[in-house]
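Trainee: First residue of the sequence shown? That's 118 in my numbering, and the numbers climb one at a time after it. In this text, a Cβ means the ideal position worked out from N, Cα and C, and glycines have one as well.
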Amino acid sequence: MATGQNLIDEVRRIIHDESATFRWADAELIDYLNAGQRAIVVLVPEANLVETVVDLTTSRIARQSIPSGGIKFIKATQNYANDGTTPQGTIRYAEKDALDTYEPTWEYVSTKADDANYFEHFCHDKREPKIYYVYPAPPTDGKRLGILYSANPTELTAVGSTIALSDEYTESLIAYVTYRALTKESRESMPDTFGQELYNQFLAVLGIKRAVESSVSASEVAAPEGD
Numbered sequence: 118m119a120t121g122q123n124l125i126d127e128v129r130r131i132i133h134d135e136s137a138t139f140r141w142a143d144a145e146l147i148d149y150l151n152a153g154q155r156a157i158v159v160l161v162p163e164a165n166l167v168e169t170v171v172d173l174t175t176s177r178i179a180r181q182s183i184p185s186g187g188i189k190f191i192k193a194t195q196n197y198a199n200d201g202t203t204p205q206g207t208i209r210y211a212e213k214d215a216l217d218t219y220e221p222t223w224e225y226v227s228t229k230a231d232d233a234n235y236f237e238h239f240c241h242d243k244r245e246p247k248i249y250y251v252y253p254a255p256p257t258d259g260k261r262l263g264i265l266y267s268a269n270p271t272e273l274t275a276v277g278s279t280i281a282l283s284d285e286y287t288e289s290l291i292a293y294v295t296y297r298a299l300t301k302e303s304r305e306s307m308p309d310t311f312g313q314e315l316y317n318q319f320l321a322v323l324g325i326k327r328a329v330e331s332s333v334s335a336s337e338v339a340a341p342e343g344d
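#1: On a Cα-Cα basis, can you pick out the residue from ALA215, ASP214, ARG130 and LEU166 that is closest to ALA193?
#2: Leaving out the 5 sequence neighbours to the left and right, which residues in its chain are closer than 8 Å to GLU135 when beta-carbon positions are compared?
#3: Run through DSSP, which three-state label would ALA156 get?
#4: Evaluate ASN234 with the Cβ neighbour count: other Cβ atoms within 10 Å of its Cβ, from every protein chain shown; 16 or more gives buried, anything less gives exposed.
#5: Can you tell me which of the three DSSP states GLY263 falls into?
#6: Taking only the alpha-carbon atoms, compute the straight-line gap between PHE239 and ILE280 and give it to the nearest angstrom.
#7: Closer than 6 Å by C-beta to THR287: which residues in its own chain qualify, once you throw out the five before and the five after it? Chain order, please.
#8: What residue range is occupied by the uninterrupted alpha helix (DSSP H) comprising PHE239?
#9: Shortest alpha-carbon distance to TYR249 belongs to which of PRO204, SER283, ASP258 and PRO184?
#10: In this structure, how does DSSP classify GLY201 when only helix, strand and coil are distinguished?
#11: Where does GLY274 sit, in a helix, a strand or coil, going by DSSP?
#12: Reducing DSSP to helix, strand and coil, say where TYR219 ends up.
#13: With distances taken Cα to Cα, identify the nearest neighbour of THR207 among VAL251, VAL226 and SER227.
#14: In the structure shown, what three-state DSSP assignment does SER331 receive?
#15: For a test of the three-state rule: what should DSSP assign to ILE125, helix, strand or coil?
#16: In chain order, what residues of the same chain lie with their CB nearer than 8 Å to the CB of HIS133, ignoring the 5 residues before and after it?
#17: What is the rounded straight-line gap between the Cα of GLN205 and the Cα of ARG261?
#18: Rounded to the nearest angstrom, what separates ASP143 and THR202 at their Cα positions?
#19: Tell me which residue opens and which closes the alpha helix (DSSP H) that VAL294 is part of.
#20: What is the DSSP secondary structure of PHE190, reduced to helix, strand or coil?
#21: How about the stretch 154-174 and the stretch 221-230: do they share at least three Cβ pairs that are nearer than 8 Å?
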């Protein structure tokens with residue numbers, strides 16, 4: 118995988134900053150790289166996925182949260198034995214409204230007998246990206262469940278640090294750092310549309326289109342068609 122130095126060298130070539138006295142310090146470009154990694158994961162959650170087994174012992178209600186550092190719940194994968202390593206039965210997605218109609222108290226009360234394939238369904242509302250629900254609610258002795266979620270990438274602390282995202286996002290990171298560097302330099306000397314054009318280039322490399330017109334904020338973007 119690429120290092121921060123690999124990407125910074127390429128960015129310096131693009132922005133003509135290869136002289137002995139750099140206009141942009143390494144520390145500043147590292148900050149841009151870290152910001153770029155975070156921006157990519159927010160826009161493309163699958164860029165940094167974590168699969169783990171969670172212990173639902175301490176919270177005996179259906180509503181659950183992804184671990185600290187997580188950005189967005191993706192799905193529940195399967196039941197696990199109490200050792201946390203032995204896979205058990207699968208778990209399927211269900212609409213929360215359907216479960217509410219079928220069993221109004223399901224979020225807090227479970228009458229299911231204990232077995233290896235305890236959890237039958239999971240629910241998720243995109244409006245609450247870090248929250249998911251399991252059906253039935255966990256028993257008093259707890260159960261373990263495999264989940265998949267997107268997480269904040271590990272930050273670079275030096276130019277020699279390895280980029281957390283896979284190499285397929287290298288060009289996107291270069292585009293983002295270039296956008297941040299040139300936007301800062303041209304803030305007073307270039308038209309307002311210059312920064313938007315650079316950001317659009319970053320989105321284009323990432324495969325994302327503006328949701329509406331160019332005046333939309335960076336958080337208001339649409340995923341590629343077909344996703």
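Mentor: The short version:
#1: Here residue 193 refers to the residue found at position 76 of the sequence shown. Answer by Cα proximity: LEU166.
#2: Position 18 of the sequence shown, counted from the first residue, corresponds to residue 135. Closer than 8 Å at Cβ, skipping near neighbours: ARG129.
#3: On the sequence shown, position 39 is the one that residue 156 refers to. Annotated three-state conformation of ALA156 is helix, per DSSP.
#4: Within the sequence shown, residue 234 is the residue found at index 117, counting from 1. Under the 10 Å beta carbon count, ASN234 is surrounded by fewer than 16 other beta carbons and is classified as exposed.
#5: As a position in the sequence shown, residue 263 is number 146, starting the count at 1. Three-state DSSP puts GLY263 in a strand.
#6: On the sequence shown, residue 239 is found 122 positions in, with the first residue counted as 1. On the sequence shown, residue 280 is found 163 positions in, with the first residue counted as 1. Their backbone Cα atoms lie some 33 Å apart in a straight line.
#7: What you label residue 287 is simply residue 170 of the sequence shown in a count that begins at 1. Closer than 6 Å at the Cβ level, and outside the excluded window around THR287, lie ALA119.
#8: On the sequence shown, position 122 is the one that residue 239 refers to. PHE239 -> not in any alpha helix (DSSP H); beta strand (DSSP E) instead, spanning 238-240.
#9: Translated into positions along the sequence shown, residue 249 becomes position 132. It is PRO184 whose Cα lies nearest to the Cα of TYR249.
#10: On the sequence shown, position 84 is the one that residue 201 refers to. If DSSP states are grouped into helix, strand and coil, GLY201 belongs with coil.
#11: Taking the sequence shown and counting its residues from 1, the one referred to as residue 274 is at position 157. A small correction: the amino acid at residue 274 is Thr; Gly does not occupy that position in the sequence shown. In the structure shown, THR274 sits in coil (DSSP, three-state: anything other than H, G, I, E or B).
#12: Here residue 219 corresponds to residue number 102 of the sequence shown, with the count starting at 1. Helix at TYR219.
#13: Taking the sequence shown and counting its residues from 1, one reaches residue 207 at position 90. The residue with the shortest Cα to Cα distance from THR207 is VAL251.
#14: Working through the sequence shown from its first residue, we reach residue 331 at position 214. Confidence is the limiting factor: at SER331 the pLDDT is only 37, short of 50, which leaves the residue's position unreliable, though a coordinate-based value still follows. Three-state result, SER331: coil.
#15: The residue labelled residue 125 in the question sits at position 8 within the sequence shown. Helix at ILE125.
#16: Start at 1 with the first residue of the sequence shown, and residue 133 comes out as number 16. Within the same chain, HIS133 has no close Cβ partners at all.
#17: For this step, residue 205 is matched to residue 88 along the sequence shown. For this step, residue 261 is matched to residue 144 along the sequence shown. Using only the alpha carbons, I get a separation of about 10 Å.
#18: Translated into positions along the sequence shown, residue 143 becomes position 26. Translated into positions along the sequence shown, residue 202 becomes position 85. Going by C-alpha positions, ASP143 is about 42 Å away from THR202.
#19: The residue given as residue 294 occupies position 177 in the sequence shown. Here the alpha helix (DSSP H) through VAL294 covers 287-302.
#20: For the purposes of this step, residue 190 is taken as the residue at position 73 of the sequence shown. It is a strand residue.
#21: Contact fails: fewer than three Cβ-Cβ distances are below 8 Å.
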